[in-house]
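Asks:
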Amino acid sequence: MQENWTFWNDMRELNVSETNTSDDSDRNVYNTSVPYDVMKNTSVLAVFFLVYLIIFTLGIFGNCLVCYVVFKNKHMQTVTNFFIANLALADILLCVLAVPFTPLYFAMGRWAFGRVLCKLVPVTQGTSVYVSTLTLMSIAVDRYFVIIHPFRPKLQLIVCYSIIISIWLFSMSSTMPYAYYVNQELYEDVLFCEEFWPSEFMRRIFSSFTTIMQFGVPFIIILYCYVMISVRMNERIRIKSGSRGSQKEESDREKKRRTNRMLIAMVTIFGGCWLPFNTIHLVGDYNASASKSAYYNLCFFITHTLAMSSTCYNPLLYAWLNENFRKEFMLVLPCFKSLDGPAGRKSVYRSERTDNNITVGETLPHHGNTESSFVVSVTCRDNHKVQEEMVQLTTIAEELATNGEIREKNGEAQTSDTNLTTNSTENK
């Protein structure tokens, strides 16, 4: 999961070999012992630079927007949202230090960014990946206890802060060996930034440990949590689907499905993006001949861009699958409103509860052409200031009372309130 700095050692050998094996009569003829590197093709490099530029732009923009929404709005500062913001911070760090330096170093064929960045870049890259996967694991574990053990005390914000701080401390301490063993080296008047381990055995041990702790253990825990959550959610849906439920119950089930789809999609995308890079990283570590293949560098950059692209997907998932994030995005960027579609105007009564980005709503249908006059509280925003405004929904309740319909509506409302209390207990 860490940046494959062994790759740069191999790249240095290829660059030097290609320089020294050119024939005086024809500088385009290479020694047959050195394979032609596809990544030396200018067109191929241009395509990769364009992809990296897109990843950098979308990653910085989307993740900064997520952080702004969470830290700007008090009502968005829940346990799950703080974990999501922590993930966004790690992705920003990855975009700033991994996305630009990796292709630039390869294209230039030398390290031109100084001794400090030579040590800082691999440390921060490894730290940001650690933070990402451990944060995703924390989100999965939190959801696991909320769904599987609903009567346990809910995770408090102070505990959430402690977990986030612990994640960063563990991540930085686990990547500190890079600060010691990665250095600049002057080789034939060209500077390279490389790893210098006391032995090949130590390098492989550290590389294997990092891969297991960054990817293996967290991914197994994440998979277990979401498999158990999916099983439990399917059981609840199957039990409730046997009897005809209210619109609120159906809405509650749908929102639970949507929220879990968002979290599962985050994990799936992260695993799918980083597994190929881990694979080629381990191949390069344990098979020296493979790392000198003509297509090794090409495979490295394909998997590297795939891994870096994971920084772009999370904000898109929030915008499409999370209602609260989508609303806040629309307030910051009005252009998102066209993606949300027109809001329905047929609701008569709606009671809402927000808990960790899950909004539970109840809508009571109209009886004929008569509308009820229940009073609801809506949140209006003007220049990002929140003010509560009481809105009267059309005609007066006396008209319904004369027809006896008000009693029916009150009975439905009481039933929905009871269901809401039950569901609230389950979610906690």
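Using the UniProt record's numbering, you'd call the opening residue of the sequence shown number 1 and step up by one each time. Beta carbons are placed, not taken as given, at the ideal position from N, Cα and C, and that holds for glycine.
Which residue spans inside the region 91-165 form an unbroken alpha helix (DSSP H) run of at least 4?
Replies: Runs found: 101-108, 114-148.
Asks: Using CA coordinates, which residue listed in Phe201, Ala179, Ser208, Phe206 is at the minimum distance from Glu194?
Replies: As a working note, residue 194 is residue 194 in the sequence shown. Closest by alpha carbon: Ala179.
Asks: In angstroms with no decimal places, state the Cα-to-Cα distance between Phe206 and Met172.
Replies: In the sequence shown, counting from the first residue as 1, residue 206 sits at position 206. In the sequence shown, counting from the first residue as 1, residue 172 sits at position 172. When rounded, the distance between both Cα atoms is 14 Å.
Asks: Leu50 lies in the alpha helix (DSSP H); which residues open and close that run?
Replies: Taking the sequence shown and counting its residues from 1, the one referred to as residue 50 is at position 50. Leu50 -> alpha helix (DSSP H) spans 42-72.
Asks: Over the uninterrupted beta strand (DSSP E) stretch that includes Leu333, give me the two end residues.
Replies: Residue 333 sits at position 333 when you count from the first residue of the sequence shown. It is not in any beta strand (DSSP E) - Leu333 carries neither H nor E in the DSSP assignment.
Asks: For Asn86, which residues in the same chain have their Cβ closer than 6 Å to its Cβ, ignoring the five residues on either side in sequence?
Replies: Along the sequence shown, read from residue 1 onward, the residue named residue 86 stands at position 86. For Asn86, where only same-chain residues beyond five positions count, the Cβ hits under 6 Å are Thr135, Ile164.
Asks: Which complete beta strand (DSSP E) runs does the region 186-225 hold, if anything under 3 residues is left out?
Replies: DSSP runs (the beta strand (DSSP E)) wholly in the region 186-225: 190-195.
Asks: Helix, strand or coil, according to DSSP, for Asn322 in the structure here?
Replies: In the sequence shown, the residue the question calls residue 322 occupies position 322. DSSP places Asn322 in coil when its eight states are reduced to three.
Asks: Going by DSSP in three states, Gly368 sits in which element: helix, strand or coil?
Replies: Taking the first residue of the sequence shown as 1, we reach residue 368 at position 368. Because the pLDDT of Gly368 is 38, which lies under 50, any placement of that residue in the model is unreliable, and the number read from its coordinates should be weighed accordingly. Looking at Gly368 - three-state DSSP - the assignment turns out to be coil, as it is neither helix nor strand.
Asks: As a quick exercise: from Met39, Glu200, Lys255, pick the residue whose alpha carbon is nearest that of Phe106.
Replies: Mapped onto the sequence shown, residue 106 falls at position 106. Closest by alpha carbon: Met39.
Asks: How close, in whole Å, do the beta carbons of Val51 and Thr305 come, if the pair is a contact with beta carbons under 8 Å?
Replies: Residue numbering aside, residue 51 sits at position 51 when the sequence shown is read from its first letter. Residue numbering aside, residue 305 sits at position 305 when the sequence shown is read from its first letter. Their Cβ separation, rounded to whole angstroms, is 5 Å, which keeps Val51 and Thr305 in contact under 8 Å.
Asks: From this set, Ile229, Val190, Cys118, Asp142, which residue's C-alpha is nearest Phe196's C-alpha?
Replies: Taking the first residue of the sequence shown as position 1, residue 196 is located at position 196. Looking at the Cα atoms, Cys118 is the closest of the given residues.
Asks: What's the call for residue 443, buried or exposed, on a 16-neighbour Cβ count within 10 Å?
Replies: As shown, the chain starts at 1 and ends at 428. That puts residue 443 outside it, with no answer to give.
Asks: With Met76 as the anchor, note down where its alpha helix (DSSP H) starts and where it stops.
Replies: The sequence position of residue 76 within the sequence shown is 76, counting from 1. Segment: none, Met76 is in no alpha helix (DSSP H) and carries neither H nor E.
Asks: Note down, in chain order, each residue of its chain lying with its Cβ closer than 8 Å to the Cβ of Phe101, except the 5 sequence neighbours on either side.
Replies: To locate residue 101, count along the sequence shown from 1; it is residue 101. Result list for Phe101: Phe113, Leu117, Val121, in chain order.
Asks: Are the C-beta atoms of Ile165 and some chain D residue less than 8 Å apart?
Replies: Of the chains in the structure shown, none is chain D; there is only one protein chain.
Asks: Once you ignore the five residues that flank Phe219 on each side, which residues in its own chain have a CB closer than 6 Å to its CB?
Replies: Counted from its first residue, the sequence shown places residue 219 at position 219. Here the set comprises Gly271.
Asks: Could you check the C-alpha separation between Ala140 and Tyr224 for me, to the nearest Å?
Replies: Within the sequence shown, numbered from 1, the residue matching residue 140 stands at position 140. Within the sequence shown, numbered from 1, the residue matching residue 224 stands at position 224. Cα to Cα, the separation comes out at about 9 Å.
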